[in-house]
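**Student:** In the working numbering, the protein residues as written are 1378 to 1720.
Take this structure, written in structure tokens, and hold onto it; I'll ask about it next.
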């Protein structure tokens, strides 16, 4: 299976390269920033160096609801962040109670440290601004990791932020173990995450994970059989090639033909089952998307009266709360300045 994983990994990377080369406007991985915004919901944004959102994905079920029918792709980063905050308020993920303090955790990784710092600070500033202009006690802060996760990152020689992204590689591409993922370069990680997200965008986390497990089971069932027949074909063909000129090769040729028929049938069965599995999960994805759409509407209706009152009192609340907000957002951030990428 080690050789198989290498081959599949190569195929994935080749597909990424081909996709990026084939598109004249494609961005290189080293130009991108990977941003996570945790309210809860938890959202990931892949951002271009000119502050455009090129991917927006849900990291949990609440984010699936939040992003339902919300198209952030192509938006300016500041507009997308404001819309995430506003929608979170409308859906009740952020309380409109003026005495409730809201903390939004931010993590940013980029292959280019200058771009990373620029995007990271802009995200934090825009989150703070979103709360300021609504008169709310909300602020951005660095994403925190528990000690066990920090220790695990140290054991691999990477930062917690990079380990978090490496786990995304493992989640999105089942040909990788975490040991292989942390050994990748920043560029390789970004390419894999971006390509995999493009292929599976909108697929609820639980469904996606089950899809990976079922697909791997098919791989484990069929690929050893395919490899065994291919090895037999190579062996028979070598025997035929080794025969002296004029020797009877009919028996070997008949065996070879039979093996080729078996191989073709097995591959057809394998690809057919993978296709059926993919179709099944596409259907599930559509059902979940409809469920998220309905849940979003229900949450909007549930919180609409409070939000309407909140909006009506906006101007007065901003004046009343300004000093409290300034003081709240001016609190020291013990995690400020933490580095990203490999240590």
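For each residue, glycine too, the CB sits at the ideal point set by N, CA and C.
Short check: CB of residue 1706 to CB of residue 1509, under 9 Å?
**Tutor:** In contact: residue 1706 and residue 1509 (Cβ atoms closer than 9 Å).
**Student:** What's the call for residue 1691, buried or exposed, on a 16-neighbour Cβ count within 10 Å?
**Tutor:** exposed
**Student:** What distance in whole Å lies between the Cβ atoms of residue 1502 and residue 1415, which are believed to be in contact at a cut-off of 8 Å?
**Tutor:** Going by Cβ atoms, the distance from residue 1415 to residue 1502 rounds to 17 Å, so no, they are not a contact pair.
**Student:** With distances taken Cα to Cα, identify the nearest neighbour of residue 1655 among 1412, 1590, 1478, 1448.
**Tutor:** 1590
**Student:** Going by beta carbon distance, what residues of the same chain come within less than 7 Å of residue 1555, once the five residues before and after it are set aside?
**Tutor:** Counting only Cβ-Cβ distances below 7 Å, and skipping sequence neighbours, we find 1543, 1544, 1547.
**Student:** Kindly list the residues whose CB is nearer than 8 Å to the CB of residue 1606, restricted to its own chain and excluding five residues on each side of it in sequence; keep chain order.
**Tutor:** 1636, 1639, 1640, 1643
**Student:** Could you tell me how far apart the beta carbons of residue 1504 and residue 1458 are, in whole angstroms, since I believe they sit closer than 8 Å?
**Tutor:** Taking C-beta atoms under 8 Å as the contact rule, residue 1504 and residue 1458 qualify, at a distance of about 6 Å.
**Student:** Can you give the Cα-Cα distance for residue 1702 and residue 1512, rounded to whole angstroms?
**Tutor:** 7 Å
**Student:** Provide the residue(s) that pair with residue 1544 in DSSP beta bridges, ordered along the chain.
**Tutor:** Looking at the DSSP output, residue 1544 shares a beta bridge with no other residue.
**Student:** Could you give the residue range of the alpha helix (DSSP H) that holds residue 1653?
**Tutor:** 1627-1689
**Student:** Residue 1562 by DSSP, collapsed to three states: which one?
**Tutor:** coil
**Student:** Out of 1587, 1446, 1628, which one is the CA nearest neighbour of residue 1614?
**Tutor:** Of the candidates 1587, 1446, 1628, the one whose C-alpha sits nearest the C-alpha of residue 1614 is 1628.
**Student:** Rounded to whole angstroms, what is the Cα-Cα separation between residue 1564 and residue 1488?
**Tutor:** 7 Å
**Student:** Where does residue 1523 fall in DSSP's three states?
**Tutor:** coil
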